[in-house]
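Here my numbering is used: the sequence shown runs in plain steps of one and ends on residue 217.
Backbone N, C-alpha and C fix where the C-beta goes; we use that ideal spot for every residue, glycine too.
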Amino acid sequence: MNYTPAERGKPILFDTCIFMVGIDKRQTNSNYSLENMRKLWMDCVLNYFSNILIHQVVYAELDDDTKCVIDGRKNNQALLKRF
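So, in structure tokens, the structure goes:
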């Protein structure tokens, strides 16, 4: 299988569907809460990569709480890139 390994300093394209996992259950099931998702994987991923590309149209589909998590990272800001 051919693939390109993700490297910390290189740009990486995120489809926002990864941030929508369980979004319909966030209010009713604590396993799908944004806080739990952040603790389990989201903060680690967002802090590891320094050049995240997210298309503006797809970014607009996210709920406000998730946008705040993406935009408020300590180490970097998501680069919203039009394609």
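Looking at the backbone, the Cα of residue 192 and that of residue 170 are separated by about 23 angstroms. For residue 197, the closest alpha carbon among the candidates 145, 158, 136 and 148 is that of 158. Taking 8 angstroms as the cut-off, the Cβ atoms of residue 145 and residue 187 count as close. Ranked by Cα distance from residue 206, the options 173, 177, 150 and 167 are led by 177.
By DSSP's assignment, residue 186 forms a beta bridge with 146.
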